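Same order as they appear, the protein sequences are chains A and B.
Per the numbering used here, the very first residue in the first sequence carries number 6; after that it's consecutive.
Per the numbering used here, the very first residue in the second sequence carries number 664; after that it's consecutive.
Heads up, the beta-carbon is just placed ideally off N, CA and C, and yes, glycines get one too.
Predicted, not measured: the structure shown is a model, and the values here were computed from it.
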Amino acid sequence: EAQVTQNPRYLITVTGKKLTVTCSQNMNHEYMSWYRQDPGLGLRQIYYSMNVEVTDKGDVPEGYKVSRKEKRNFPLILESPSPNQTSLYFCASSSQGHPSVLSYNEQFFGPGTRLTVL
Amino acid sequence: RKEVEQDPGPFNVPEGATVAFNCTYSNSASQSFFWYRQDCRKEPKLLMSVYSSGNEDGRFTAQLNRASQYISLLIRDSKLSDSATYLCVVTPYSSASKIIFGSGTRLSIRP
Numbered sequence: 006e007a008q009v010t011q012n013p014r015y016l017i018t019v020t021g022k023k024l025t026v027t028c029s030q031n032m033n034h035e036y037m038s039w040y041r042q043d044p045g046l047g048l049r050q051i052y053y054s055m056n057v058e059v060t061d062k063g064d065v066p067e068g069y070k071v072s073r074k075e076k077r078n079f080p081l082i083l084e085s086p087s088p089n090q091t092s093l094y095f096c097a098s099s100s101q102g103h104p105s106v107l108s109y110n111e112q113f114f115g116p117g118t119r120l121t122v123l
Numbered sequence: 664r665k666e667v668e669q670d671p672g673p674f675n676v677p678e679g680a681t682v683a684f685n686c687t688y689s690n691s692a693s694q695s696f697f698w699y700r701q702d703c704r705k706e707p708k709l710l711m712s713v714y715s716s717g718n719e720d721g722r723f724t725a726q727l728n729r730a731s732q733y734i735s736l737l738i739r740d741s742k743l744s745d746s747a748t749y750l751c752v753v754t755p756y757s758s759a760s761k762i763i764f765g766s767g768t769r770l771s772i773r774p
């Protein structure tokens, strides 16, 4: 089954304790991205990756790191989490494809990770 | 000004009604447009792409107005199962690098 998986689904942690949220896709997609979703603000892009070893900042990258060593995996790292990073996080992937292709840019999302930083 | 703006709602309409949402975008160079649906506490899922000529999928119709820089979604004969948040998404033509989501419009269909 084609899917994007994230782990953990729920996490409660304390300020300053490094954590990693994993993301994996089995669709051979080039593009992967991380978003956070907060009430009233919608989904905001944190980081994205166009392909292996190619990553770039989205709109809200501060306090986060990512890596893309393999095509299928795109972990999100919080080196020193703070309470303002409490949020719902989504990983997504898509095929680069060609703009004329119907599936161009369709984002496939993981189920989400609800993070609480105390 | 936000790059993509939506009326947050909620829109509360009776079953069977027709409802329409708009979404405005600020970057005239935007080229790809989508509507996503998100159920409570779930991940967003693609509802439909929006093409220049407009497109229809069953009870759903999407339109693009480049001159006024907005896209619209029309739902006819609404069902209880249409209750969800509808997210407008805008991307540039050249790549998938910058993907902007609206904050969503909440729709609630009542019996």
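Considering Cα atoms alone, identify which of A/Leu83, A/Glu6, A/Val59 and A/Ser98 is closest to A/Pro66. The sequence position of residue 66 of chain A within the first sequence is 61, counting from 1. The option with the nearest alpha carbon to A/Pro66 is A/Leu83.
Quick one: any contact between the segment 59-74 of chain A and the segment 93-102 of chain A, if contact means 3 or more CB pairs under 8 Å? Touching, no, given that fewer than three Cβ pairs across the two stretches are closer than 8 Å.
Could you tell me whether the segment 671-680 of chain B touches the segment 115-123 of chain A, where touching means 3 or more Cβ pairs closer than 8 Å? Of all C-beta pairs linking the segment 671-680 of chain B to the segment 115-123 of chain A, fewer than three are shorter than 8 Å, placing the two stretches out of contact.
By how many angstroms is the C-alpha of A/Ser92 removed from the C-alpha of B/Tyr749? Numbered from its first residue, the second sequence carries residue 749 of chain B at position 86. Numbered from its first residue, the first sequence carries residue 92 of chain A at position 87. Just so you know, the alpha carbons of B/Tyr749 and A/Ser92 end up roughly 20 Å apart.
Which chain B residues sit within Cβ distance under 9 Å of A/Phe79? For the purposes of this step, residue 79 of chain A is identified with residue 74 of the first sequence, where counting begins at 1. What A/Phe79 touches in chain B: nothing, since even the nearest Cβ is about 14 Å away.
Name, please, each residue of chain B whose Cβ falls closer than 7 Å to the Cβ of A/Pro66. Looking up residue 66 of chain A in the first sequence gives position 61. Simply none; closest approach about 13 Å.
How long is the line joining the alpha carbons of B/Val667 and B/Ile734, rounded to whole angstroms? Taking the first residue of the second sequence as position 1, residue 667 of chain B is located at position 4. Taking the first residue of the second sequence as position 1, residue 734 of chain B is located at position 71. Distance between B/Val667 and B/Ile734, taken at the CA atoms: about 10 Å.
Which same chain residues, not among the five before or five after A/Thr20, have their C-beta less than 8 Å away from its C-beta? The residue labelled residue 20 of chain A in the question sits at position 15 within the first sequence. These residues qualify, in order along the chain: Ser85, Pro86, Ser87, Pro88, Val122 and Leu123.
Go ahead and label A/Leu107 buried or exposed: buried means 16 or more other beta carbons lie within 10 angstroms of its beta carbon, across all protein chains shown. Here residue 107 of chain A refers to the residue found at position 102 of the first sequence. Low confidence applies to A/Leu107: its pLDDT is 47, below 50, so where it sits in the model is not reliable, and the reading given next is rough at best. Result: exposed.
Out of curiosity, what's the CA-to-CA distance linking A/Thr27 and B/Gly679? For the purposes of this step, residue 27 of chain A is taken as residue 22 along the first sequence, with counting starting at 1. For the purposes of this step, residue 679 of chain B is taken as residue 16 along the second sequence, with counting starting at 1. Between the alpha carbons of A/Thr27 and B/Gly679 lies a gap of roughly 42 Å.
Using the beta-carbon of each residue, which ones in chain A are nearer than 8 Å to B/Glu668? On the second sequence, residue 668 of chain B is found 5 positions in, with the first residue counted as 1. For the C-beta of B/Glu668, not a single chain A residue is nearer than 8 Å; the gap to the nearest is close to 10 Å.
What residues in the segment 704-730 of chain B bring their beta carbon closer than 8 Å to a beta carbon of chain A? Those would be Arg704, Lys705, Glu706, Pro707, Lys708, Leu709 and Ser712, in chain order.
Would you kindly work out how many angstroms separate the C-alpha atoms of B/Leu743 and B/Tyr714, rounded to a whole number? Residue numbering aside, residue 743 of chain B sits at position 80 when the second sequence is read from its first letter. Residue numbering aside, residue 714 of chain B sits at position 51 when the second sequence is read from its first letter. Approximately 27 Å, taken between the alpha carbons.
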